[in-house]
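**Q** Chains as they are written, first to last, in this note's numbering: chain E, 16 to 145; chain Z, 74 to 173; chain V, 19 to 154.
Ideal placement from N, C-alpha and C gives every residue a C-beta, glycine not left out.
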Amino acid sequence: MKFGILVNEGPYQHQASDTAFNFTKAALDKGHDIVRVFFYHDGVNNGTRLTTPPQDDRNLVNQWSELAKEHELDLVVCVAAAQRRGIVDEDEAKRHGKNADNIAEGFHISGLGQLIEMGIKADRVMAFGD
Amino acid sequence: MLHTINKSPFEKNSLDTCLRLAKSGSEILLLEDGVYAAIKGTAVEPKMRQALSDYTVYALGPDLKARGIEEDRLIDGIEVVGYDGFVDLAANSDRVQSWL
Amino acid sequence: MGNGAKKFMYVNRRAPYGTIYALEGLEVVLIGAAFDQDVCMAFVDDGVFQLKKGQDTNESNMKNFSPTYRALGDYDVNKLYVEKESLEQRGMSEDDLLELTYEDEEDDYKEKPSIRIVNKEELADLMEQQDVILNY
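1) Could you work out which residue in V:Arg31, V:Glu112 and V:Gly91 is closest to V:Lys128 when comparing CA atoms only?
2) Between the Cα of V:Ile133 and the Cα atoms of V:Glu146, V:Glu140 and V:Thr119, which residue gives the shortest distance?
3) Go ahead and label V:Ala89 buried or exposed: buried means 16 or more other beta carbons lie within 10 angstroms of its beta carbon, across all protein chains shown.
4) Can you tell me the Cβ-Cβ gap for V:Ala142 and Z:Leu94, rounded? I've got them flagged as a contact below 8 Å.
5) Thinking E:Val59 and E:Arg100 are a contact (beta carbons under 8 Å), I'd like their distance in whole angstroms, please.
6) Let's test the definition: count the other Cβ atoms within 10 Å of the Cβ of Z:Thr77 and tell me whether it reaches 16, buried, or not, exposed.
7) What are the residues that DSSP puts in a beta bridge with V:Asp125?
8) What residues from chain Z crowd round V:Gln73, counting only those whose CB sits closer than 7 Å?
9) Beta carbon of E:Gly134: closer than 6 Å to some heavy atom of the ligand NAD?
10) For a contact meaning CB atoms closer than 7 Å, what does V:Asn153 contact in chain E?
11) Just verifying my parser: in three-state terms, what is the DSSP assignment at E:Ser80?
12) Among residues of its own chain, excluding the 5 on either side of V:Gln73, which ones have a beta-carbon nearer than 8 Å to its beta-carbon?
13) Hey, could you find the ends of the beta strand (DSSP E) V:Asn30 is sitting in?
14) Closer than 9 Å by beta-carbon distance: list the chain Z residues that pair up with V:Ala142, in chain order.
15) Which residue marks the beginning of the alpha helix (DSSP H) containing E:Asn37, and which one marks its end?
16) Which of the three DSSP states is assigned to E:Ile102 in this structure?
17) Between V:Tyr154 and V:Gly43, how many whole angstroms is the CB-CB distance? I'm expecting something under 8 Å.
18) Indicate whether at least one CB of chain Z lies closer than 7 Å to the CB of E:Gly51.
19) Under 7 Å between the Cβ atoms of E:Gly22 and E:Phe143?
20) Give me the Cα-Cα distance between E:Asp46 and V:Ile135, rounded to the nearest whole angstrom.
21) Can the beta-carbon of Z:Thr90 be found less than 7 Å from the beta-carbon of V:Asp56?
22) What are the residues in the stretch 33-45 of chain E lying within 8 Å of chain Z by C-beta distance?
23) Leaving aside the five residues before and after Z:Leu162 along the sequence, list all residues of the same chain whose C-beta is less than 8 Å from its C-beta, in chain order.
24) Got a sec, what are the start and stop residues for the beta strand (DSSP E) Z:Ser81 sits in?
25) How many whole angstroms separate the CB atoms of E:Ala95 and V:Glu45, which I take to be in contact at a CB cut-off of 8 Å?
26) Going along chain Z, which residues have a C-beta under 8 Å from E:Met16?
27) Unbroken beta strand (DSSP E) runs of length 3 or more, entirely within the stretch 92-165 of chain Z: which are they?
28) Starting from V:Tyr99, trace the beta strand (DSSP E) in both directions and tell me its first and last residue.
29) Restricting to Cα atoms, I'd like to know which of E:Gln70, E:Ala83 and E:Gln98 is closest to E:Asp48.
30) DSSP state of Z:Gln170, grouped into three classes?
31) Just mark E:His56 as buried or exposed, buried being the case when its beta carbon has 16 or more other beta carbons within 10 Å.
32) Using a Cβ-Cβ cut-off of 7 Å, state whether E:Arg139 counts as contacting chain Z.
33) Could you check whether the Cβ of Z:Leu103 sits closer than 7 Å to any Cβ belonging to chain E?
34) Is the stretch 141-153 of chain Z close to the stretch 122-129 of chain Z, with three or more CB pairs under 8 Å?
35) Grouping DSSP H, G and I as helix and E and B as strand, with all else coil, what is E:Val134?
And the structure:
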């Protein structure tokens, strides 16, 4: 079965990203496919590599990056939501004259159309948020 | 159809809205702060007992454990599942509605 | 609508302005309109406040996105289901809502209302017909 995963909240503030991560991992373990993980609203904050949680806590951003690497997951951060919240990759930084980027490994910035496309391609869309 | 509720029934109306709009025979999964609706002896218990006659109700085990809720504190009839069970519930329903 | 179009329902349960969910939810609907799917919106709980007419953000310095709902008809998003029970709980009626219309191509481009008041049973039935339900 093909799952699409929508993450609507950032890490730490809400449990949504943890639940989405645990669900995604469990689905992969069961042999299901993950069409895409789409980060929207404050969920785009899962995609900044500047996150530095305390040593004794989980690093959710790294967890997503590692899972993406292991399973070739498509982690998409919504461009419109990302621009509002200061999540930028190299191209976006150039385009908007910013002096830095902060996108984490394995994530990429793309349009909202990717969310709709995920809904079209997936058998089930699972939304995690507040 | 699988409905998921991640809000405490003591804080938000997600549970009420779900129970108002979910068709009889649906599955309901309580997760995150939604698991507080699964506890016996609360003001919400009568509502949940009523719900159990129309729906199959599940609670996410890891979220119960994280909150220190022992399984013997749960309303009879509520089934505990792990993330693998959550995946099965989603895969086996025609569609999923997350009452965020 | 192309063959194999999926049925998308966007369920709005949040009031506007207090949080960004309503505004960003609307952006999804507008982008999604380009994909030629079978789209509808449901307004439940505080979501009905999104359609309240007379919104004016001049003094609060926020973006008034209320006029955007008027554009939905042009994007072929013309099924806006408002739950009757949610309206009543909030002391509102259809008269409090924006007048949203669309031109029906199949009926000589007659102007028709996009907002349809439905009761909880009707809305429950509609939800069961969807392929993808997104909640904001």
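**A** In this structure, then:
1) V:Gly91
2) V:Thr119
3) exposed
4) 5 Å
5) 5 Å
6) buried
7) Looking at the DSSP assignment, V:Asp125 forms no beta bridge with any residue, so it has no partner.
8) Correct list: empty, because the minimum Cβ distance to chain Z is about 23 Å.
9) In the structure shown, the ligand NAD is absent, as is every other ligand, since no ligand is present at all.
10) Ala142
11) helix
12) Pro34, Asn82 and Ser84
13) Lys25 to Asn30
14) Arg93, Leu94, Ala95 and Lys96
15) Ala31 to Asp44
16) coil
17) 3 Å
18) The residue you asked about is not Gly; residue 51 of chain E is Arg in the sequence shown. Output row for E:Arg51: interface = no.
19) The sequence given here has Val at residue 22 of chain E, not Gly. Yes.
20) First, the amino acid is wrong: residue 46 of chain E is Gly here, not Asp. About 43 Å.
21) no
22) Thr34, Asn37, Phe38, Lys40, Ala41, Ala42, Asp44 and Lys45
23) Leu75, Glu100, Leu102, Tyr131 and Val154
24) From DSSP, Z:Ser81 is part of no beta strand (DSSP E); its letter is neither H nor E.
25) 6 Å
26) Ala164
27) 100-103, 129-133 and 152-154
28) Leu98 to Glu101
29) E:Ala83
30) strand
31) buried
32) yes
33) no
34) yes
35) Residue identity check: residue 134 of chain E is Gly in the sequence provided, not Val. DSSP places E:Gly134 in helix when its eight states are reduced to three.
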